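Below: one structure, written as structure tokens.
Numbering (the numbering used here), first residue to last: 472 to 528.
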């Protein structure tokens, strides 16, 4: 996990700092979590493929 001070150090040097968040998705889809976190702001949703499959959802 990236500490706040480490984030601020990176943000001082770079214009973009990637952040990650692990969410238990029992009742949510990746898209609904993304919409709740980002709202109308610009953002990216990167999802991993499971089980060595070629395509995710």
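Note that the Cβ used here is the ideal one computed from N, Cα and C, for glycine as well.
In this text, all values refer to a predicted model and were calculated from it rather than measured experimentally.
Separation of residue j from residue i, as counted between CA atoms
{"i": "residue 474", "j": "residue 506", "result": "25 angstroms"}
{"i": "residue 521", "j": "residue 479", "result": "33 angstroms"}
{"i": "residue 476", "j": "residue 486", "result": "16 angstroms"}
{"i": "residue 497", "j": "residue 512", "result": "25 angstroms"}
{"i": "residue 510", "j": "residue 499", "result": "15 angstroms"}
Min CB distance residue i to chain B below 8 angstroms
{"i": "residue 514", "result": "In the structure shown, chain B does not exist; there is a single protein chain."}
Distance between beta carbons of residue j and residue i, contact taken as under 8 angstroms
{"i": "residue 494", "j": "residue 504", "result": "5 angstroms"}
{"i": "residue 490", "j": "residue 501", "result": "Their Cβ separation, rounded to whole angstroms, is 16 angstroms, which puts residue 490 and residue 501 out of contact at 8 angstroms."}
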